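Numbering (this note's numbering), first residue to last: 627 to 1226.
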């Protein structure tokens, strides 16, 4: 059985990623890309669907021992796990070197004290656990082949096969180091080069140390900010600059329920706010690469902007269900692909325009097509802003006039007006100023409940929505506007959990709610960070700080966050780690530091 979501560590090479549990088991790895088929899918099934455990040997029928300590080596993505056993202490170092050739997952066992019996147990299952590969020896190396894929297993330890699993049993003493590597290569090509684990370890540590040195944030929350930045870098697909929302699929928002989605794609919304955080912390190259990815993905068809694309800009992300996988803690269906890709979500026009605007304002090298794209997006919005859509949360119920979507349409027009006024673009300035005023008036008349003094989720609705917290952050209304303060206080009253965290919107348990789905979900961590931001903006800084530090306490021992927090089960839920949680963490840390209240 897979561990709790927060029991996992992330390692990766900026093209794919693996999740490593506290007991030394890799339960999730897709090769060669984030969105490829998994060769270890135990996370969404059982051991029969693929895993790789490396740790102290244990008795048959017993549970594998969990590590006593684990940490990342400095500011890197190199994981170090230590076990204390009756016979001594052992350390396992897990990492994936930034790719220069075949993708590799390297695991180095290091003896610390005593003599510790160890076991490597490698069960590869291709196609998300469905295909048992042909495992054989070739020129002294172990290789697993199935269809287009081959995975090569290299180690100096003696290996043997049993029950369609490859084992190695060995003992380590102080100073001993035993390395294990798996490398992927298309099955029709020559074998990958022999790995050099120790050299790769040094190079990987150097890479991360050099990258972190570019961080310009040195405030009181630096540890949390840097770990979040490293996580966002790990979720970036280096060849194209695309940023995945998470490296996993179908980790449930509701344990045992149906709210299970594939997040291994690039949401324009997530990527745009990620670009904002990267720019504000000194990472201009990553921001430039994302902008180039965006221009390629949207090229030729900006009027039909999708809410998400593949990591290389692919448009077709057809959704399917993997019925042979029982799901994480029996949460089914397990989905790959995402049918929401072709939804109408008008807010993404605002997020993309805001990202392009921020790049322009922070001196990102000018790209003429970026300005052309921005103008084309506004011309589309001019004709479509007043249509209903599926909204920021990708509801699978009827389209509505979501207030947040209208606000972000206003943002798109406002930022484009600023671009024209700066002299870097030409457009019908007065006409679009009138459009901006029309959208603003429409939202304030139709999306605001005067009796309750709060904006609502959609026109004519009584429901609230945490996305309304972005109204002051986007500059739609000033923070001291009574309607803004009323909305913040209403969301605190009606969408707050017993822990003080924020739900996205009300859900109706067994019945289908506004999102067209049964079941409930946890507190949405991004929304909770937005609340902390808003509290700081309206002068309730101590309250903002307390909420922020409470949110930081939800991170696992390695500083990682999933999408949501389940207040009933007191655990993380949703895909993991989640960019949409780590980005607002960074933004809130920057806002609180700028307030000067914490010595930052």
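Positions of the beta carbon are idealized from the N, C-alpha and C atoms, including for glycine.
The structure displayed is predicted, hence computed values, not measured ones.
task: Determine the DSSP secondary structure at residue 742, reduced to helix, strand or coil.
output: strand
- request: Check each candidate in 738, 720, 658 and name the one with the smallest Cα separation from residue 709.
  value: 738
task: Could you check if residue 958 is buried or exposed, using at least 16 other CB atoms within 10 Å of its CB as the buried criterion?
output: buried
- request: Could you tell me whether the Cβ atoms of residue 985 and residue 905 are closer together than 8 Å?
  value: yes
message: Distance check for residue 767 and residue 1003, CA to CA, integer angstroms please.
response: 54 Å
task: Kindly provide the ranges of any alpha helix (DSSP H) runs that are 4 or more residues long and lie completely inside the segment 1050 to 1075, ordered along the chain.
output: Scanning the segment 1050 to 1075 for uninterrupted alpha helix (DSSP H) segments of 4 residues or longer gives 1055 to 1072, listed from N- to C-terminal end.
field: From 776, 629, 668, residue whose alpha carbon lies closest to that of residue 657
entry: 776
query: Alpha carbon to alpha carbon, what distance is there between residue 808 and residue 760?
result: 15 Å
query: Could you give the C-beta distance for residue 1259 and residue 850, rounded to a whole number, given that I count them as a contact under 8 Å?
result: No answer is possible for residue 1259: the residues shown for the chain start at 627 and end at 1226.
message: Within a Cβ cutoff of 8 Å, which residues of the same chain sit near residue 1159, ignoring the five residues on either side of it in sequence?
response: 1095, 1099, 1170, 1210, 1213, 1214, 1217
task: Report the option in 770, 711, 1195, 654 whose CA atom is closest to the CA atom of residue 741.
output: 711
task: Compute every distance between the C-beta of residue 748 and the non-hydrogen atoms of the ligand SAH, then say whether any falls below 7 Å.
output: Judged by which ligands are present, the structure shown has none, so any question about the ligand SAH falls away.
query: Apart from the five residues just before and just after residue 1046, which ones in its own chain have a Cβ nearer than 8 Å to its Cβ?
result: Closer than 8 Å at the Cβ level, and outside the excluded window around residue 1046, lie 1052, 1053, 1055, 1058.
Closest residue to residue 951 among 754, 1129, 638 (Cα-Cα distance): 754
query: According to the neighbour-count rule (16 or more other Cβ atoms, all chains shown, within 10 Å of its Cβ), is residue 935 buried or exposed?
result: buried
- request: Would you mind listing the beta strand (DSSP E) stretches within the segment 654 to 723 that are 3+ residues and don't spill past its ends, in chain order?
  value: Taking only runs of at least 3 residues, the beta strand (DSSP E) segments lying wholly in the segment 654 to 723 are 664 to 666, 677 to 682, 695 to 698, 705 to 711, 714 to 721.
- request: Could you check which residue in 773, 756, 824, 748 has the C-alpha nearest to that of residue 1227?
  value: For residue 1227 there is no data in the structure shown, the boundaries of the chain being 627 and 1226.
message: So residue 819 and residue 640 are supposed to be a Cβ contact under 8 Å. How far apart are they, rounded?
response: Not really, about 20 Å apart at Cβ, beyond 8 Å.
message: Here's the rule: buried if 16 or more other CB atoms are within 10 angstroms of the residue's CB, otherwise exposed. What is residue 1148?
response: buried
task: Using a threshold of 8 Å, state whether the C-beta atoms of residue 707 and residue 638 are closer than that.
output: For residue 707 and residue 638, no; Cβs fall outside 8 Å.
- request: Can you give me the start and stop residues for the alpha helix (DSSP H) that residue 1235 sits inside?
  value: This structure does not reach residue 1235, given that the chain is present from 627 up to 1226, and the question cannot be answered.
task: On a CA-only basis, which of 838, 832, 1190 is nearest residue 1205? Give me that one, please.
output: 1190
message: Tell me the rounded alpha-carbon separation between residue 668 and residue 703.
response: Taking the straight line joining both Cα atoms gives about 22 Å.
field: Outcome for residue 956 when other beta-carbon atoms lying within 10 angstroms are tallied against a minimum of 16
entry: exposed
- request: May I have the straight-line CA-CA distance separating residue 1026 from residue 973, to the nearest angstrom?
  value: 13 Å
message: Check this for me: beta carbons of residue 1174 and residue 1188, under 8 Å apart or not?
response: no
8 Å Cβ cutoff met for residue 1153 and residue 1220: no
Alpha helix (DSSP H) segments (min. 4 residues) lying fully within the segment 959 to 1037: Counting whole runs of 4 or more residues, the segment 959 to 1037 contains the alpha helix (DSSP H) stretches 973 to 987, 994 to 1010.
Cβ-Cβ separation, residue 783 to residue 770 (assumed contact under 8 Å), whole Å: Wrong, their Cβ atoms sit about 17 Å apart, outside the cutoff.
Beta-carbon separation (whole angstroms), residue 797 vs residue 878, contact threshold 8 Å: Between residue 878 and residue 797 the Cβ distance is about 40 Å, and since that is not below 8 Å, they are no contact.
Outcome for residue 991 when other beta-carbon atoms lying within 10 angstroms are tallied against a minimum of 16: exposed
task: Classify residue 1245 as helix, strand or coil using the three-state DSSP reduction.
output: Look at the range of the chain in this structure, 627 to 1226, and you will see that residue 1245 is not part of it.
task: Could you check if residue 1177 is buried or exposed, using at least 16 other CB atoms within 10 Å of its CB as the buried criterion?
output: buried
- request: Using the Cα positions of residue 1007 and residue 1035, report the straight-line distance between them to the nearest angstrom.
  value: Annotation: residue 1007 to residue 1035 spans about 7 Å, alpha carbon to alpha carbon.
Contacting residues, own chain, Cβ-Cβ under 7 Å from residue 988 (five flanking each side not counted): 905
query: Residue range of the alpha helix (DSSP H) that residue 1210 falls in?
result: 1205 to 1220
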